[in-house]
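The sequence shown runs -17 to -1, 1 to 915 under mature numbering (1 follows the signal peptide of the UniProt record, and there is no 0).
Cβ coordinates follow ideal geometry from the N, Cα and C atoms, glycine included.
The structure appears right after this line, and notes come after that.
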Amino acid sequence: MDLISLILVIILPLLTSSTVCQLQEFISIDCGGTTSNYTDITTGLSWISDTRIMKHGMSVEVESANGNKVQYQKRRDFPTDSRKYCYTLSTVERRRYLVRASFQYGSLENGDTYPQFQLYLDATKWATVSIYDASRVYVKEMIFRAPSDRIDVCMCCATTGSPFISALELRPLNLSMYATDFEDNFFLKVAARINFGAPSEDAVRYPDDPYDRIWDSDLIRRQNYLVGVAPGTERISTTKNIEIETREYPPVKVMQTAVVGTKGVLSYRLNLEDFPANARAYAYLAEIEDLPKNETRKFKLEQPYIADYSNAVVNIAENANGSYTLYEPSYMNVSLDFVLSFSFVKTRDSTRGPLLNAMEISKYVPIALKTDRQDSNVVNTFSSMSAESVLMNEGDPCVPTPWEWLNCSTSTPPRITKINLSRRNLTGEIPHELNNMEALTELRLDANLLTGSLPDMSNLINLKILHLENNKLTGSLPSYLGTLPSLQALFIQNNSFSGEIPSGLVSGKIIFNYDNNPGLHRGKKKHSHLILGISIGVLVILLTLFLASLVLLHKLRRKTSQQKHDGKGISGRSSTKPITGYRGGSLRDEGTAYYISLSELKEATSNFEKKIGKGSFGSVYYGKMSDGKEVAVKTMTDPSSHGNQQFVNEVALLSRIHHRNLVPLIGYCEEEYQHILVYEYMHNGTLRDHIHAQVCSNQKQLDWLTRLRIAEDAAKGLEYLHTGCNPSIIHRDVKTSNILLDINMRAKVSDFGLSRLAEEDLTHISSVARGTVGYLDPEYYANQQLTEKSDVYSFGVVLLELISGRKPVSSDDYGPEMNIVHWARSLIRKGDVISIMDPSLVGNVKTESIWRVAEIAMQCVEQHGASRPRMQEVILAIQDASKIEKGPDQAQLKSSSSSSTSKPQSSRKTLLTSFLEIESPDLSNGCLPSAR
């Protein structure tokens, strides 16, 4: 036997064994599938149903299933609520994996909207899943080094529709594949993996790729995908074997095809999701043509220009040590824009044009911290004490949304601040690890079957409320309970505690109930007369409050009755037939909105008699169509080409987007040189009217919860424009007069006359900054760089208006500063939120709720757009404020109500110091090193 044969005999079994082992470690989950284990006929991979893995959601038939792939014939839909739904995958710590989530929605039911929701890997936001094509399979991939022996893939936070998933796959990678210098702090989100010169639109994956990566064909036709191809680009292929033993091991089948620039240039353009960002990029090159000895193939990267890389000459055969051998120049950390335009150009001494076999681009995604490990250990222990205590498949306790029975802080890492396990049939002893939860402020373990004595809780310096009543607890009460610095209320009744009560618990500073603990006794009975006097005083106060509430209730009933009487003339009828008419005008081919004739509109508005407002480019009139539907009719007064473009913009934009928090477009008219838009009529006018126009005696003052609900509605509308539309839409004129309120006081964003598609100008540069004074983003005004963060700035101003009730610009209110942002920032830096509050709110709201909105508002109006949050983060902050304001529906904190309005303010000085008094850092600091 010769040497080569001997080597093959030894190596081939090892390679086969390695492939089999790799395949056995694959995890392929058919989400929503009801079939037992099966094998995919196209890949040979084994799939399992998630029936035994996922306990939530329901299996839904997908009408337009993808070919004959069983895993796309059903999907799993999850409830539309505040919870997250997670699949837990087993991993080997510090091993690298590729995880892939796939989504195919299928045909819409009547009245449904395509879903948009968030996808998380552990606590890290992976992607926003936005569906707009029934037949397309949306694939999200992440490459990561396993931080532990398991990782969670979670769906949550739906903006429209409900979260769902079709398939989930986990693929272990080999050796040092995809290793980076930054993997301790960053995951790699796959943005593009392209097979150039592919023979068809079919993707290459397992078994051609033993790691089951999906290599998309360059023949796929998608919007802004591989366009701008240079003239002279040709496709070549070979059947010869390619040596691929390099770092990333791309499949031979992918390397056997390529594109070449026969005229000396090879160029493409494509969009990269969630860019600009720092990225890791690989080019895969192999010479697959037999070049004569007197011919060479040399080229350079001309665009984008990257120092070091662009100056280097690529000579594939020389770099790869021969033809039919892989060469993979890598860009380990490079900054790329949303639109990637790249081109290779041959050098002057080259006889052949540039060549490209494949490319791979991944975005660096910062790894978000999970809940503090000690806190997680405690709540997981509680989970094991009762089958009812926690629902399965909810992943991390706090991120991105907390478990149903927990509240969490916004610190890094998140800490658990509240545990509510009342009536959950907990058994056993309270875990002693509870003492590690320093951030805990409220603990409710009442009405369970807990036994044993109390563990040490002396470290819980922030604990305010402790409910242990109606259990089977025994032993004495530890003396530290009377000295916990923050404790305000302790309930231990109906247990079997014994011994002397610590003096600090009966001092009167703490609400303390210890009834039905026969073995408990007080040390010395003193101050009985004082206690009796306090009790009588409390009774008198309660009686006074009761009588006052009766008087207030009587007044409210009279007011409500009067309002109903005053509103008799408003029609509540809904339209029962659609608006009819013909299509015409320059928008005839849009096919997106009803055309309404001018004569119909004149009849509906009584010849434009009742003017109800003024929009961005004309007056707005009240109308009532022949079918009884109330409408707002906006006329355009600007006859110029710019005004006409605004009209076309608004029709085109509003016709293609539908969201419950955006004012819907009913129709349009182009006739007799008039441009008219017809909207749904919003009965309660603008938010500006309710905040600033208090001249009407019947204008109802907005309470804080109503303001929060309006803010959340408007934020969801903007968030949909930014992330739910493809390409995204920038409003450009967010203000209180463009937030309208329907008959139920629900908010909808309006007036898209200044809106623009984000892709209209890919550099986001415009010659004139448009918007409204007081709301205009200073960064946009200074350099005309328009992004979604410009809308975020404007919305921050809206939040400040909701808190303060003041106008954005007013010399009377703000003096020489003339600006609500400067005025509010100076007060908040001093820790004084009371001074910026609307006088009607002072004393009627929880100060902590105001602080939560003030904090996010200050982030929104940061000088630099990169420092501002996304609208999804703003929504979460507003929801937090609503939860704080609603609070627990109990009266146990009555004794501390007098201090609740002052303590948060003083403590906030410390909490906000680092946030407000230190200049926001450059985002490059503490993140990735400067990209080359």
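Looking at the structure shown, is residue i part of a helix, part of a strand, or coil, going by DSSP?
{"i": "Met820", "result": "coil"}
{"i": "Pro155", "result": "strand"}
{"i": "Glu285", "result": "strand"}
{"i": "His673", "result": "helix"}
{"i": "Trp386", "result": "coil"}
{"i": "Ser42", "result": "strand"}
{"i": "Tyr55", "result": "helix"}
{"i": "residue 992", "result": "Only positions -17 to 915 of the chain appear in the structure, and residue 992 is not among them; the question remains open."}
{"i": "Val235", "result": "helix"}
{"i": "Ser750", "result": "Confidence in Ser750 is poor, its pLDDT being 39 and thus under 50, which makes the residue's placement unreliable; the coordinate value appears in the next sentence. Three-state result, Ser750: coil."}
{"i": "Ala117", "result": "coil"}
{"i": "Gly606", "result": "strand"}
{"i": "Phe9", "result": "coil"}
{"i": "Asn403", "result": "strand"}
{"i": "Ser850", "result": "helix"}
{"i": "Ser889", "result": "Residue confidence is low: Ser889 scores 32 on pLDDT, short of 50, so the model does not pin down where it sits. Its coordinate-derived value is still stated next. Helix at Ser889."}
{"i": "Gly482", "result": "strand"}
{"i": "Arg789", "result": "coil"}
{"i": "Asn298", "result": "strand"}
Answer with buried or exposed for residue i, where buried requires no fewer than 16 other C-beta atoms within 10 angstroms of its C-beta.
{"i": "Asn453", "result": "buried"}
{"i": "Asn376", "result": "buried"}
{"i": "Tyr578", "result": "buried"}
{"i": "Gln206", "result": "exposed"}
{"i": "His658", "result": "buried"}
{"i": "Ser32", "result": "buried"}
{"i": "Met841", "result": "buried"}
{"i": "Val373", "result": "Residue placement at Val373 is flagged as unreliable, the pLDDT there being 45, under the threshold of 50; the coordinate-derived value follows with that caveat. Buried, because 16 or more other Cβ atoms sit within 10 Å of the Cβ of Val373."}
{"i": "Lys52", "result": "buried"}
{"i": "Ser131", "result": "exposed"}
{"i": "Gln684", "result": "exposed"}
{"i": "Ser511", "result": "Summary for Ser511: the model assigns pLDDT 48, below 50, so the residue's position carries little reliability, and this model does not support an answer."}
{"i": "Ser220", "result": "exposed"}
{"i": "Ser832", "result": "buried"}
{"i": "Val857", "result": "buried"}
Starting from the C-beta of residue i, find all residues in its chain whose C-beta is less than 8 Å away, skip the five residues before and the five after it, and write them out in chain order.
{"i": "Ser318", "result": "Pro259, Ala260, Asn261, Ala262, Ala914"}
{"i": "Ile197", "result": "Arg83, Val122, Glu124, Arg176, Ala186, Val187, Arg188"}
{"i": "residue 960", "result": "Since the displayed the chain opens at -17 and closes at 915, residue 960 lies outside it and no answer follows."}
{"i": "Gly502", "result": "Ser479, Phe480, Ser481, Gly482"}
Give me, in chain order, the residues of the same chain whose beta-carbon lies closer than 6 Å to that of residue i; leave out the 5 immediate sequence neighbours on both sides.
{"i": "Val717", "result": "Asp774, Ser777, Phe778"}
{"i": "Met854", "result": "Ala698, Leu701, Glu702, His705"}
{"i": "Ser794", "result": "Met801"}
{"i": "Gly757", "result": "Pro791, Val792"}
{"i": "Leu426", "result": "Ile402, Leu449"}
{"i": "Gly40", "result": "Arg59, Asp60, Phe61"}
{"i": "Leu300", "result": "In the sequence as displayed, the identity of residue 300 is Ala instead of Leu. For Ala300, where only same-chain residues beyond five positions count, the Cβ hits under 6 Å are Glu270, Ser306."}
Quick test of your reading: residue i and residue j, contact by CB under 8 Å. State the CB separation rounded to the nearest angstrom.
{"i": "Glu416", "j": "Val361", "result": "5 Å"}
{"i": "Arg505", "j": "Ile484", "result": "5 Å"}
{"i": "Ala106", "j": "Val382", "result": "4 Å"}
Could you check where the beta strand (DSSP E) with residue i kicks off and where it finishes?
{"i": "Gln768", "result": "Where Gln768 is concerned, there is no enclosing beta strand (DSSP E), given that its DSSP letter is neither H nor E."}
{"i": "Gly502", "result": "502 to 504"}
{"i": "Ile219", "result": "216 to 220"}
{"i": "Cys69", "result": "68 to 73"}
{"i": "Met368", "result": "No beta strand (DSSP E) holds Met368; DSSP gives it neither H nor E."}
{"i": "Arg427", "result": "425 to 427"}
{"i": "Glu845", "result": "Note, Glu845: premise wrong, no beta strand (DSSP E); not H, not E."}
{"i": "Glu343", "result": "341 to 349"}
{"i": "Ser313", "result": "313 to 319"}
Between which residues of its own chain and residue i is the CB-CB distance below 7 Å, once the five residues before and five after are set aside?
{"i": "Arg690", "result": "Leu785"}
{"i": "Arg204", "result": "none"}
{"i": "Ala181", "result": "Ser200, Asp201, Leu202, Thr240"}
Output the boundary residues of the alpha helix (DSSP H) element that contains residue i.
{"i": "Ile803", "result": "803 to 812"}
{"i": "Trp198", "result": "Segment: none, Trp198 is in no alpha helix (DSSP H) and carries neither H nor E."}
{"i": "Lys585", "result": "581 to 587"}
{"i": "Arg692", "result": "687 to 702"}
{"i": "Ile134", "result": "Premise fails: Ile134 lies in the beta strand (DSSP E), 133 to 143, not in any alpha helix (DSSP H)."}
So, does the CB of residue i fall closer than 9 Å to a CB anywhere in chain C?
{"i": "Glu416", "result": "In the structure shown, chain C does not exist; there is a single protein chain."}
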